[in-house]
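Participant:
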Amino acid sequence: MSIPKMFRACLMGVALAAIPTAPAFAQALRLAGGETQSALRVPLNRAIVLESEVPFAELSVANPLIADIATLSERSIYVLGKAPGRTTLTLLGIDGRLLTNVEVRVTPDIAEFKERLGELLPGERIEVRTANDGIVLSGTVSSIQKVDQALEIAERYAPERVLNLMVVGGSQQVLLKVRFAEMSRSVTKALGANVGLVGTGLGGDVTLNGTANNGVGNNNGTFTLGFPGGTVAVNLTLQALENKGLVRTLAEPNLTALSGQSARFLAGGELPVPQVDDEGNVGVNFRPFGVELSFTPTVVDSDIINLVLNASVSDLDASNAVNINGALVPGFSRRQTTTTVELRDGETFAIGGLLQDNFSDSASQVPFIADLPVIGALFRSSQYTRQQSELVVVITAHLVSPTSGAAVALPTDRIRPPTENELFLRGRISGEVGTATASTRSGAAADHDFSGNYGYVLE
């Protein structure tokens, strides 16, 4: 072996030793008219071996930070992809003539990336392509959670260079049904007696006066008994009162929203509340009341729904009213729940419950005398109050899709304005069932039986 050939072999060995070990794939570099047939694609952190049909004497790369090269022979080139990007490989012939400029494209290693996607997300139809120095993901996946997982894996191979063209298949709209059910019961009992001695004139008969005033005041259930005699009259007043109350509250708001988007519902009103700023100016702030519902659904899998929920039912409460600069502003009685839950399509969850039992009693009496047996009850007044309430909040989530308008039944479809004959001669406030106009009878709602009560009826 001649000295030049030995020197060239030593240089090639040093170059190969300096290049990190990576799998190499042989490709043929064909020259036609001084140009290659196509650009050279090199996977990141992998190497290819080019075999030229024309011998070359020198070669160079424009950006060695993107691709590193080494000559294996006068017809073989070792190319290693170091960083995503594009660069140029220049080949010179034995006579110093330019043979060609080869465009080298170093792209992320999508072969390994595809393997990882298949292992971590089996069954998902995700297509992977390269675009310049990035990765393009497309296809149809089962949920938004799978999309996020695929993007997170892709960021490991092409940080900040991932284009998402994936779409989520299946139904991604969520119908949420919320039911507020509350039962409240109150019982109040009071028993009192007053004895009075009053001087009167002579004469008179024994009288008995009994009254039961149904008005609002302190005379409810009051009975007065008088014994006039000579100069002294004895007045005995007995007061017995018993109140019972039962309240049932049911609210059932329904709302539909797209997965990942927020929705809000309010059935009620807004109360103007005056406010005074630091300078004494009076303004108005509107506070909503009624049935309120806001939620954000996220379909994390084919039928698993994550819900961020805020639901409340509020009423005006005059007993908690406050006076603001002469304006009487009522208070609010509010039942509210804020939570995050996860459930499957069609499942029901009780997200809140409250059992409240309030008890209070009081007694007022004349000292010493009220402690006497039997007769002491005439000098003592007692009151007993007990309030019980139970509240349950239940939610049900459904994956839904749009339907035709004719298949939706509305409460207004069940009535028809009366004709003049029906209104004035028959005294009907709505038209007879079965004689609705063509516009209201179109669709599946016309096939329903509308006899009996109509409107939004809760049984």
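Counting along the sequence shown from 1, when you hit position 231 you're at 232 in our numbering, and nothing is skipped either side.
Cβ atoms here follow ideal geometry from the backbone N, Cα and C, with glycine treated the same way.
Just how far apart, CA to CA, sit V277 and V285?
Facilitator: Distance between the alpha carbons of V277 and V285 is about 9 Å.
Participant: May I ask you to report which of helix, strand or coil DSSP gives L192?
Facilitator: In this structure, L192 counts as strand in the three-state DSSP scheme.
Participant: Let me know if N307 comes out buried or exposed under the rule of 16 or more other beta-carbons within 10 Å of its beta-carbon.
Facilitator: Buried: at least 16 other Cβ atoms inside 10 Å.
Participant: Which partner residues of R180 appear in the DSSP bridge assignment?
Facilitator: For R180, which the question treats as bridged, DSSP gives the partners V395.
Participant: Pull up the distance between the alpha-carbon of L60 and that of Q150, whole angstroms please.
Facilitator: Cα to Cα, the separation comes out at about 43 Å.
Participant: Indicate whether the contact test is met: 3 or more Cβ pairs, each with one atom in the stretch 168 to 188 and one in the stretch 364 to 374, closer than 8 Å.
Facilitator: Contact between the stretch 168 to 188 and the stretch 364 to 374 is absent, because fewer than three Cβ pairs lie under 8 Å.
Participant: Below 6 Å CB to CB, which residues in the same chain sit around T386 once its five sequence neighbours on both sides are set aside?
Facilitator: Result list for T386: T189, S361, in chain order.
Participant: Using DSSP with H/G/I as helix, E/B as strand and the rest coil, what is Q262?
Facilitator: In this structure, Q262 counts as coil in the three-state DSSP scheme.
Participant: Let me make sure I understand the geometry here. Which of D279, P289, E280, V283 has the alpha-carbon closest to that of F266?
Facilitator: When only C-alpha atoms are compared, the closest one is P289.
Participant: What's the gap between the Cα of V342 and the Cα of P403?
Facilitator: If I take the Cα positions, the gap works out to 25 Å.
Participant: Look up G119 in the DSSP assignment and say whether it is helix, strand or coil.
Facilitator: Residue state, collapsed to three classes: helix.
Participant: What ranges does the beta strand (DSSP E) occupy inside the stretch 33 to 109, keeping only unbroken runs of at least 3 residues that lie completely in it?
Facilitator: Complete beta strand (DSSP E) runs here, min 3: 41 to 44, 48 to 53, 59 to 62, 68 to 72, 77 to 82, 86 to 93, 99 to 108.
Participant: If you check the beta carbons only, do G140 and I127 fall under 7 Å apart?
Facilitator: Result yes, Cβ atoms of G140 and I127 sit closer than 7 Å.
Participant: Confirm, please, whether the CB-CB distance from R76 to R106 is below 7 Å.
Facilitator: No; because the gap between Cβ atoms is not below 7 Å, this pair is not in contact.
Participant: Can you tell me whether K147 is buried or exposed, with buried defined as 16 or more other CB within 10 angstroms of its CB?
Facilitator: By the neighbour-count rule (16 or more Cβ atoms within 10 Å), K147 is buried.
Participant: Mapping DSSP to helix, strand and coil, what is L411?
Facilitator: Correct three-state label for L411: coil.
Participant: Could you give the DSSP three-state label for G157: helix, strand or coil?
Facilitator: It should be pointed out that residue 157 corresponds to Arg in this sequence rather than to Gly. It is helical.
Participant: Classify D279 as helix, strand or coil using the three-state DSSP reduction.
Facilitator: Looking at D279 - three-state DSSP - the assignment turns out to be coil, as it is neither helix nor strand.
Participant: In its own chain, which residues sit with a C-beta less than 6 Å from the C-beta of R180, not counting the 5 before and 5 after it?
Facilitator: Excluding positions up to five away in sequence, the list reads E253, V395.
Participant: Select from V137, G124, V314 the residue whose C-alpha is nearest the C-alpha of N525.
Facilitator: With the chain covering 2 to 460 only, the question about residue 525 has no answer from this structure.
Participant: Please classify A312: does DSSP put it in a helix, a strand, or coil?
Facilitator: In the structure shown, A312 sits in a strand (DSSP, three-state: E or B).
Participant: Helix, strand or coil, according to DSSP, for D346 in the structure here?
Facilitator: DSSP places D346 in coil when its eight states are reduced to three.
Participant: Measure from the alpha carbon of S315 to the alpha carbon of each residue in N324, P412, G270, then state which is nearest.
Facilitator: Of the candidates N324, P412, G270, the one whose C-alpha sits nearest the C-alpha of S315 is G270.
Participant: Smallest Cα separation from V274: which of S390, G327, V103, Q388?
Facilitator: Checked all of S390, G327, V103, Q388; the closest Cα to V274 is G327.
Participant: Within 10 angstroms of its Cβ, does A408 collect 16 or more other Cβ (buried), or is it exposed?
Facilitator: Its Cβ having fewer than 16 others within 10 Å, A408 is exposed.
Participant: If you pair each beta-carbon of the stretch 115 to 122 with each one of the stretch 85 to 102, do three or more pairs fall below 8 Å?
Facilitator: No contact exists between the stretch 115 to 122 and the stretch 85 to 102.
Participant: Can you have a look at L100 and say buried or exposed, based on whether 16 or more other CB atoms are within 10 angstroms of its CB?
Facilitator: Flag for L100 reads buried.
Participant: When the Cα atoms are used, what is the spatial distance from D302 to S363?
Facilitator: Whole-angstrom Cα-Cα distance: 59 Å.
Participant: Quick one: is E358 buried, meaning 16 or more other Cβ sit within 10 Å of its Cβ, or exposed?
Facilitator: Checking the displayed sequence, the identity of residue 358 turns out to be Asp instead of Glu. With fewer than 16 Cβ atoms within 10 Å of its Cβ, D358 is classed as exposed.
Participant: With burial defined as no fewer than 16 other Cβ atoms inside 10 Å of the residue's Cβ, what is the status of S263: buried or exposed?
Facilitator: By the neighbour-count rule (16 or more Cβ atoms within 10 Å), S263 is not buried but exposed.
Participant: Specify, as a first and last residue, the run of the beta strand (DSSP E) that E128 falls within.
Facilitator: Segment 126 to 132, the beta strand (DSSP E) holding E128.
Participant: Thinking C-beta only, is A182 closer than 7 Å to V323?
Facilitator: Contact flag unset, no.
Participant: Would you check if the distance between the CB atom of L247 and the CB atom of R186 is smaller than 7 Å?
Facilitator: Yes; because the gap between Cβ atoms is below 7 Å, this pair is in contact.
Participant: According to DSSP, is G269 part of a helix, a strand, or is it coil?
Facilitator: Strand at G269.
Participant: Looking at C-alpha atoms only, which residue of P418, G124, A112, T108 is the closest neighbour of P160?
Facilitator: When each option's Cα is compared against that of P160, the closest is T108.
Participant: Compute the Euclidean distance between the alpha carbons of L400 and T250, then round it to the nearest angstrom.
Facilitator: Computed Cα separation, rounded: 28 Å.
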